[in-house]
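Beneath this line is the structure, given in structure tokens, with notes to follow.
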Amino acid sequence: MSGRAFGILSPFVGGDYYGAIIEGINAAASEGGDRIMAIQTLDPGAHSADRAGVPDFRKPLSWKQLAGLVVLPGAVDTAYAMEARAHGLPVVFVAQDANGSGCSAVLADNRSGVRDAVAHLIGHGHERIAFAGHLSHFDLRERHEGYREGLLAHGITPRPDLLFETGDNHESGGEAVADTLIRAGMPATAIVLGTDRNAIGLASRMSAAGYDLPRELAVVGFDDIADATYMRPSLSTVRQPLDVLGSVVYDLLQSLLSDMSSQTRYVTTAFVQRDSCGCPARGLPVSEKAARALFAQVQYLQSTLNIQYELGIELLGTHERDPRALEWLGQTPAIAGSLGLWTPGDESRLEVVGDFRAGCDTGAALGADEFPPPQLFEKTDGRAGDVVFLVPVRSRNRDWGVLAAVGRIQSTTPPGREMMNQSGALLAAALDYEVMMAALRAQEESLRNAALHDHLTGLPNRVLLEDRMEQAGLRAARQPGYRFAILLLDLDGFKAVNDTLGHASGDLLLIEVARRLTGLLRKSDTVARLGGDEFVVLLDGVVSAQTVIDNITTAISSPFFIDGERVEVGCSIGMAMSAEGGADPDHMLREADAAMYKAKSAAKR
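Following my numbering, the numbering of the sequence shown begins with 251 at its first residue and continues without gaps.
In structure tokens, the structure reads:
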């Protein structure tokens, strides 16, 4: 697909709020021959945009590929938008004030729809009308102002005790307000809530407590999500036409391409009358079209659950396949994908390490502003609802990189429950798991190595030596003609080194002796340290050991230089050779020990 690409920065890239806005913008862009990319700014796996706050999102992802940016509520701070604008990208804020940034904004006329809702409630005879919402958000403050204007227009003074902060835009916020109202003895007869999910949470908690809605409390929400129609009583609400919002956003972006001067445009909202405001029950939509749509939604949700299950099994399971390869994307509706991991020590570049049906060049290094690879755009079909999604792959332990995928916009799930958010979280967990297992294996190997090797010289210790001697003995027993030798050597003059130069110098001498011995022997031979200045050499497959003994004597007798001091020591060596047809290694070690002491005694005479 040709045309320009516009980026949409959003806390989540799906859900019945963010996803629905993305869907509306995509529809308009596709109609205009352009395409969009949805970029998640929250960490994957985040539960709620309200609770997480504005993400610390700073990287200029895809800036070189985009013709403009759309910023959804709570996606990035104003400084990021200003930097993008200074870079030459038109920026449009949606449902939030541009806050003096010089950027443009598209706002729902939140006040008008809420004013109509308040007027409707007053028409039912209500005067003690409350408002509840998460007022840290610009659009929620606008809805509250519409509520105030509606009351004042009818001569009713807003009461401070009927204003409630929900703390979030979800069901939990509405539940908290319901508890407050019940504890206060129901000071309100009607309430307007900032979001439908707030309203659904409140209605559920009130009904569970035995209150008859709307007779004891009339309820109005805002957003007109799908759940509003099917709850009992069905929810009266305020609708902001997201398809119109998307068209206005896209038209504004087109305008800004030639003139980046700040503009603000508004989209009207409308009150939707249903049962919860006290109107006569209107019943559920029972048309064939509505029934089929509902059935399709049930199927979609079941499919989503299956996908989430398969993803969990694949990415948190046995790790038989490298999760970087993105084969697991085949179990999702994704059409194509690419994974970029931050270059170690340089989080401005991403190395493409995974490709799924996109034909990307794995191994390529791209700047953050160049990711994802352009091949992903070729897989998109905006008219069918397929767009490019980007989601951070980040855990508490590490910022791994960015996952890009081409897939269908999910606009009916709650925010944060879409496939991309879960994929980013599970992939980060899988990569963390790999690192943890590698560290555990390294630690296990380190412990095993410590158990089998001398801590000073790194040579095999007595335990590992005994195992190798046992293997040599078994081989001698079953293989005619195979012989092996055991040499036991002790340094002559080592005590004098310790006494004159100190134990630290003595340790350095032992390390140098170990290095010389190792350099003289074959890979199949073994040099071990038993302790102190005693070393054992196991010679594999030999007939005579005299040449090796002579070489060792010469090597050890050559001067050592320890901390600038010339040090000379000698060695006494005892040898035992296996007999034809087998040998007892322990017996041979005792033989070599006896021979070594005999040689040491002879040297003293």
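All C-beta atoms in this analysis are idealised placements derived from N, C-alpha and C, irrespective of residue type, glycine included.
Could you tell me which residues DSSP puts in a beta bridge with residue i?
| i | result |
| --- | --- |
| residue 587 | 606 and 655 |
| residue 287 | 257 and 638 |
| residue 825 | 737 |
| residue 710 | 703 |
| residue 499 | Residue 499 is not bridged to any residue. |
| residue 516 | 357 |
| residue 524 | The partner list for residue 524 (beta bridge, DSSP) is empty, contrary to what the question assumes. |
| residue 777 | 787 |
| residue 486 | 470 |
| residue 343 | 321 and 355 |
| residue 506 | For residue 506, which the question treats as bridged, DSSP gives no partner whatsoever. |
| residue 442 | 381 and 470 |
| residue 857 | There is simply no residue 857 to check, as the chain begins at 251 and stops at 855 in what is shown. |
| residue 650 | According to DSSP, which records beta bridges pairwise, residue 650 is partnered with nothing at all. |
Is it buried or exposed for residue i, if we count other Cβ within 10 angstroms and need 16 for buried?
| i | result |
| --- | --- |
| residue 647 | exposed |
| residue 745 | exposed |
| residue 480 | exposed |
| residue 629 | buried |
| residue 309 | buried |
| residue 394 | buried |
| residue 765 | exposed |
| residue 897 | This structure cannot settle anything about residue 897, because the visible part of the chain is limited to 251 through 855. |
| residue 853 | exposed |
| residue 407 | exposed |
| residue 833 | buried |
| residue 670 | buried |
| residue 577 | exposed |
| residue 425 | buried |
| residue 754 | exposed |
| residue 483 | buried |
| residue 719 | buried |
| residue 273 | buried |
| residue 373 | exposed |
| residue 224 | Lying before the first or after the last residue shown, residue 224 is absent from the chain, which here runs from 251 to 855. |
| residue 437 | exposed |
| residue 620 | buried |
| residue 687 | exposed |
Whose C-alpha, out of the options, is nearest the C-alpha of residue i?
| i | options | result |
| --- | --- | --- |
| residue 863 | 326, 264 and 573 | The chain is shown only over 251 to 855; residue 863 falls outside these bounds and no answer can be derived. |
| residue 409 | 382, 481 and 308 | 382 |
| residue 571 | 268, 684 and 255 | 684 |
| residue 638 | 704, 427 and 312 | 312 |
| residue 277 | 528, 632 and 315 | 632 |
| residue 318 | 505, 486 and 457 | 505 |
| residue 494 | 686, 516 and 509 | 516 |
| residue 263 | 645, 498, 448 and 660 | 660 |
| residue 774 | 690, 734 and 436 | 734 |
| residue 334 | 375, 256 and 292 | 256 |
| residue 417 | 591, 301 and 404 | 301 |
| residue 351 | 329, 359, 396 and 433 | 329 |
| residue 656 | 584, 751, 614 and 649 | 584 |
| residue 726 | 698, 663, 750 and 791 | 791 |
| residue 817 | 751, 836 and 389 | 751 |
| residue 591 | 634, 654 and 561 | 654 |
How about residue i and residue j: do their beta carbons lie closer than 7 Å?
| i | j | result |
| --- | --- | --- |
| residue 860 | residue 825 | Outside the displayed span of the chain (251 to 855) sits residue 860, for which this structure offers no information. |
| residue 626 | residue 608 | yes |
| residue 651 | residue 643 | yes |
| residue 446 | residue 476 | no |
| residue 759 | residue 812 | yes |
| residue 451 | residue 415 | no |
| residue 600 | residue 579 | no |
| residue 371 | residue 379 | yes |
| residue 428 | residue 455 | yes |
| residue 261 | residue 674 | no |
| residue 690 | residue 565 | no |
| residue 502 | residue 298 | no |
| residue 736 | residue 842 | yes |
| residue 500 | residue 275 | yes |
| residue 430 | residue 376 | no |
| residue 778 | residue 822 | no |
If contacts are defined as beta-carbon pairs under 8 Å, then residue i and residue j qualify, I think. What distance do you get, rounded to the angstrom?
| i | j | result |
| --- | --- | --- |
| residue 492 | residue 271 | 6 Å |
| residue 767 | residue 787 | 7 Å |
| residue 344 | residue 321 | 7 Å |
| residue 488 | residue 521 | 6 Å |
| residue 265 | residue 530 | That pair is no contact at about 33 Å. |
| residue 464 | residue 528 | 4 Å |
| residue 715 | residue 703 | The Cβ separation is near 10 Å, so there is no contact. |
| residue 358 | residue 490 | 4 Å |
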